[in-house]
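Asks: So the sequence shown is numbered by our numbering: it starts at 24 and just counts up by one.
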Amino acid sequence: MDRIDNLDKKILNIIMRNARIASKDVAQECGVSRAAIHQRIQRLVDMKVIVGSGYNVNPKKLGYNTCTYVGVRLEKGSLYRDVVKELENVHEVVECHFTTGPYSMLIKVFAQDNQHLMELLNDRIQHIPGVTETETLISLEQSMQRQIYIKVDEK
24 MDRIDNLDKK ILNIIMRNAR IASKDVAQEC GVSRAAIHQR IQRLVDMKVI
74 VGSGYNVNPK KLGYNTCTYV GVRLEKGSLY RDVVKELENV HEVVECHFTT
124 GPYSMLIKVF AQDNQHLMEL LNDRIQHIPG VTETETLISL EQSMQRQIYI
174 KVDEK
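1. List the DSSP bridge partners of K131.
2. What is the DSSP secondary structure of I44, counted as helix, strand or coil?
3. Find the nearest neighbour of M128 within the set G100, L140, Q170 and S76, judged by alpha-carbon distance.
4. Identify, in the order they occur along the chain, each residue of the same chain with its Cβ nearer than 6 Å to the Cβ of I60, setting aside the five sequence neighbours on each side.
5. Less than 8 Å separating the beta-carbons of V95 and V154?
6. Taking the alpha carbon of I125 as the reference point, which residue from E158, Y103 and K32 has its own alpha carbon closest?
7. Here's the rule: buried if 16 or more other CB atoms are within 10 angstroms of the residue's CB, otherwise exposed. What is D69?
8. With a Cβ-Cβ cutoff of 8 Å, do F182 and Y87 count as a contact?
9. Would you kindly check if the distance between the Cβ of D25 and the Cβ of T89 is under 8 Å?
10. How about E118 and K131: are their beta carbons less than 8 Å apart?
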């Protein structure tokens, strides 16, 4: 299995802060060639350390003003995969986690407003076969969002 060294960690910290940073700038900050940066990033993609790329869109700028976390209880935990397939058809659901504790699943939903949220819950999510109950927690403000911290060993 490939190992992640300090240079990989340094590269990850830089590109997590700014995914659009030019390779030449990453190379300069790391003290290596641009080719080395390209090779390292490709290796990290191949290793599935880097699992995506793209732009983050602000849902509020698109009219989705209500961010909600919904605890979902299922008839049986084994229905999880079937319910996920149905939730994939509800475009306002942006995250889904199979969890321990009081809920079988925890989903993150963006709605335009409370009325839209109520329609999503009552007309879509609660009608999915296997869903027995939902509990809604509306986020009033996102105070923080970040990637996992990667410690670089000091030499």
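No residue lacks a Cβ here, since even glycine has one placed at the ideal position from N, Cα and C.
Replies: A quick look at the data gives this:
1. As a position in the sequence shown, residue 131 is number 108, starting the count at 1. According to DSSP, which records beta bridges pairwise, K131 is partnered with Y92 and E118.
2. As a working note, residue 44 is residue 21 in the sequence shown. Here I44 sits in coil by DSSP.
3. The residue you call residue 128 lines up with position 105 of the sequence shown. Per the Cα distances, G100.
4. For the purposes of this step, residue 60 is taken as residue 37 along the sequence shown, with counting starting at 1. Same-chain partners within the cutoff: S46, V49 and A50.
5. For the purposes of this step, residue 95 is identified with residue 72 of the sequence shown, where counting begins at 1. For the purposes of this step, residue 154 is identified with residue 131 of the sequence shown, where counting begins at 1. Yes, Cβ-Cβ distance for V95 and V154 is below 8 Å.
6. Your numbering for residue 125 matches position 102 in the sequence shown. For clarity, residue 125 is Pro in the given sequence; the question names Ile instead. Among E158, Y103 and K32, the Cα nearest to that of P125 is on E158.
7. Residue numbering aside, residue 69 sits at position 46 when the sequence shown is read from its first letter. The residue is exposed, with fewer than 16 neighbouring Cβ atoms inside 10 Å.
8. This structure does not reach residue 182, given that the chain is present from 24 up to 178, and the question cannot be answered.
9. Taking the first residue of the sequence shown as 1, we reach residue 89 at position 66. Taking the first residue of the sequence shown as 1, we reach residue 25 at position 2. For T89 and D25, no; Cβs fall outside 8 Å.
10. In the sequence shown, the residue the question calls residue 118 occupies position 95. In the sequence shown, the residue the question calls residue 131 occupies position 108. Yes, these two residues count as a Cβ contact at 8 Å.
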